[in-house]
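Here the working numbering is used: the first residue of the sequence shown is 168, the next is one more, and so on.
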Amino acid sequence: MAQSTTSTVRLSRRFFAYLARVVRHTKVLFASFITGSLVSAPEWLKPLLPSKYAAVLEAWSSVIFEPETYWRLALTCLLVGIFIATFLAWNEERNESEKLTSQIHESKPFLTAHSPGWSYAHDRFTAVGYQTDPMLMLRFHIEIINGGADTSLRGWQGAYRLSDNRRVGLSDAMFDRSVSSVVDQVNLVSDDRTLSRGGRRLGWVQFPIQEDEASRLQQVAVQFFDHTGQMHSVECPPEWMLRASETKS
C-alpha cells in the first residue's frame with residue numbers, strides 16, 4: 168500500500184512537472200491557436216455576419232474546402248502546436264539530463280588499465296615494518312590512463328591461475344611495498360601520487376611466488392580501487408584469450 172502511494176505521488180509530481188514545462192512554451196501554443204482560428208475563420212465568422220455577407224463567405228469558402236474541413240484543419244494546427252511544445256519540453260529535460268551526466272562524469276575518475284605481461288626478479292619483500300631477504304618475485308607490469316577526474320590508487324588485491332586451474336588469491340598485504348626510483352617504472356602499490364585527468368602511469372606490482380608455481384603460471388589478475396571506491400581490474404592474458412587457447416587445445 169505504501170509503495171503504491173509513493174508511486175502515485177511520484178507520478179503526480181512528474182505529470183505536473185511535465186505540464187509546467189509545456190506551459191513554458193505558451194508562445195507555441197498561442198501561435199497554434201491563432202493559426203487554427205484563422206484557418207477555421209470561414210466557419211466561426213458566419214454566425215457573426217449579416218446573412219447577406221454570411222452567404223457570400225459560405226459560397227467563397229465552399230469553393231476551397233468542405234465546411235467540416237476547416238474545423239479539422241484548425242484541430243490539426245492545435246495538435247501540431249501541442250506536439251511541438253511537448254517536444255521542446257522533452258528536449259529541455261534531455262539537455263538538462265545530459266548536462267548532469269556530463270557533470271557527474273567530470274567529477275569521477277575514468278580509468279583504463281592494460282598489462283603487457285609479467286617478469287621475474289629476485290628482490291627483497293618489503294612490508295609495513297619489516298623486509299625479507301631476496302626471494303623470487305613476480306613483477307606484474309601495468310599501464311593506467313585516467314580520462315576522468317583526478318584520483319589516486321589504493322586497495323590492491325588479485326589472484327593468479329596455474330595450469331591445473333588452481334587459483335591463488337592475493338590480499339593487499341601480499342604485495343610488495345618497496346619504492347622504485349626508476350622513472351616511469353614505479354611500484355604502484357607504494358605510489359601515492361595523484362593521477363591527474365589525462366594522466367598516464369606506468370609501473371608494476373610484485374609479490375612472492377614459488378618457483379614451481381612460476382613454471383606453471385597461466386594468468387595473473389589484479390584489482391585496485393580509486394578514491395571513490397570504484398574497483399578496476401586488469402588481467403594478462405585476458406580471459407577471452409585464455410578461453411580461446413583452451414578451446415583450440
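Think of the CB as a built atom: it goes at the ideal place given N, C-alpha and C, for glycine as much as any other residue.
All values derive from a computational prediction rather than experimental measurement.
Checklist line | Endpoints, beta strand (DSSP E) assigned at I376 | finding: Your numbering for residue 376 matches position 209 in the sequence shown. Per DSSP, I376 belongs to no beta strand (DSSP E) and is neither H nor E.
Item checked: Start and end residues, beta strand (DSSP E) containing G284 -> Position 117 of the sequence shown, counted from the first residue, corresponds to residue 284. L278 to A294 is the span of the beta strand (DSSP E), which, as asked, contains G284.
Next item on the list: Look at the alpha carbon of K194 and the alpha carbon of R180, and state the distance between them as a whole number of angstroms.
Entry: Here residue 194 corresponds to residue number 27 of the sequence shown, with the count starting at 1. Here residue 180 corresponds to residue number 13 of the sequence shown, with the count starting at 1. Spanning the two alpha carbons is a distance of roughly 24 Å.
Next item on the list: Reducing DSSP to helix, strand and coil, say where T318 ends up.
Entry: Residue numbering aside, residue 318 sits at position 151 when the sequence shown is read from its first letter. Strand at T318.
Notebook entry, point to check: Is S199 buried or exposed, if buried means 16 or more other CB atoms sit within 10 Å of its CB?
Noted result: For this step, residue 199 is matched to residue 32 along the sequence shown. With 16 or more other Cβ atoms from the protein chains shown falling within 10 Å of its own Cβ, S199 counts as buried.
Item checked: Beta-carbon spacing of R188, A256 below 8 Å -> Position 21 of the sequence shown, counting from 1, holds the residue named residue 188. Position 89 of the sequence shown, counting from 1, holds the residue named residue 256. For R188 and A256, yes; Cβs fall inside 8 Å.
Check: Whose CA, out of M398, E260, P276 and A388, lies closest to the CA of R191?
Finding: In the sequence shown, counting from the first residue as 1, residue 191 sits at position 24. Just measuring C-alpha positions, the residue of M398, E260, P276 and A388 sitting nearest R191 is E260.
Notebook entry, point to check: Do you know offhand how far C454's Cα is from R291's?
Noted result: Because residue 454 is not part of the residues shown, which for the chain are 168 to 416, the question remains open.
Check: Counting Cβ pairs closer than 8 Å, one from the stretch 313-324 and one from the stretch 294-304, do we hit at least three?
Finding: no
Checklist line | D339 (DSSP reduced to helix, strand or coil) | finding: Your numbering for residue 339 matches position 172 in the sequence shown. It is helical.
Notebook entry, point to check: If we ignore side chains and look at the alpha-carbon of each, how far apart do D343 and P301 end up?
Noted result: Counted from its first residue, the sequence shown places residue 343 at position 176. Counted from its first residue, the sequence shown places residue 301 at position 134. Taking the straight line joining both Cα atoms gives about 12 Å.
Check: Which residues mark the beginning and the end of the alpha helix (DSSP H) in which T193 is found?
Finding: One-based indexing of the sequence shown puts residue 193 at position 26. Residues T193 to V206.
Next item on the list: Might you give, ordered along the chain, the residues of its own chain that have their beta carbon closer than 7 Å to the beta carbon of R364, omitting 5 neighbours on each side?
Entry: Taking the sequence shown and counting its residues from 1, the one referred to as residue 364 is at position 197. Once the five neighbours on either side are set aside, the close Cβ partners of R364 are N313, G315, A316 and D317.
Next item on the list: Excluding the 5 residues preceding and the 5 following M398 in the sequence, name in chain order all residues of the same chain whose CB lies nearer than 6 Å to its CB.
Entry: As a position in the sequence shown, residue 398 is number 231, starting the count at 1. For M398, where only same-chain residues beyond five positions count, the Cβ hits under 6 Å are Q390 and F392.
Item checked: Beta-carbon proximity check, R333 vs A326, cutoff 8 Å -> To locate residue 333, count along the sequence shown from 1; it is residue 166. To locate residue 326, count along the sequence shown from 1; it is residue 159. Taking 8 Å as the Cβ cut-off, R333 and A326 do not qualify as a contacting pair.
Next item on the list: Could you spell out where the beta strand (DSSP E) holding Q298 opens and where it closes?
Entry: Here residue 298 corresponds to residue number 131 of the sequence shown, with the count starting at 1. Y297 to N313 is the extent of the beta strand (DSSP E) around Q298.
Next item on the list: Using DSSP bridges, identify the partner residues of Q324.
Entry: Residue numbering aside, residue 324 sits at position 157 when the sequence shown is read from its first letter. Answer is Q390, bridged to Q324.
Next item on the list: Go to S363, then tell me how far its beta strand (DSSP E) extends in each direction, as first and last residue.
Entry: Counted from its first residue, the sequence shown places residue 363 at position 196. Premise fails: S363 is in no beta strand (DSSP E) and is neither H nor E.
Next item on the list: Return helix, strand or coil for V146, following the three-state DSSP convention.
Entry: The structure shown does not extend to residue 146, since the chain spans only 168 to 416, so no value can be given for it.
Item checked: Residue of A388, G396, L186 and S274 minimising C-alpha distance to Q324 -> Position 157 of the sequence shown, counting from 1, holds the residue named residue 324. Comparing alpha carbon positions, the residue from A388, G396, L186 and S274 closest to Q324 is A388.
Notebook entry, point to check: Which residues in the same chain have their Cβ closer than 6 Å to the Cβ of L362, if we skip the five residues on either side of it in sequence?
Noted result: As a working note, residue 362 is residue 195 in the sequence shown. The beta carbon of L362 lies closer than 6 Å to those of N313, T318 and R368 in the same chain, with the five residues before and after it left out.
Checklist line | Endpoints, beta strand (DSSP E) assigned at V401 | finding: Here residue 401 refers to the residue found at position 234 when the sequence shown is read from its first residue. Start and end: M398 to C403.
Margin query: Mapping the DSSP letters down to three states, classify R333 as helix, strand or coil.
Written below: Along the sequence shown, read from residue 1 onward, the residue named residue 333 stands at position 166. Coil, per DSSP.
Check: Are F307 and Q385 close, meaning C-beta to C-beta below 8 Å?
Finding: Your numbering for residue 307 matches position 140 in the sequence shown. Your numbering for residue 385 matches position 218 in the sequence shown. Cβ atoms of F307 and Q385: not closer than 8 Å.
Margin query: Quick check on the burial criterion: 16 or more other C-beta atoms within 10 angstroms. Buried or exposed for G283?
Written below: Translated into the one-based positions of the sequence shown, residue 283 becomes position 116. A small correction: the amino acid at residue 283 is Pro; Gly does not occupy that position in the sequence shown. Its Cβ having fewer than 16 others within 10 Å, P283 is exposed.
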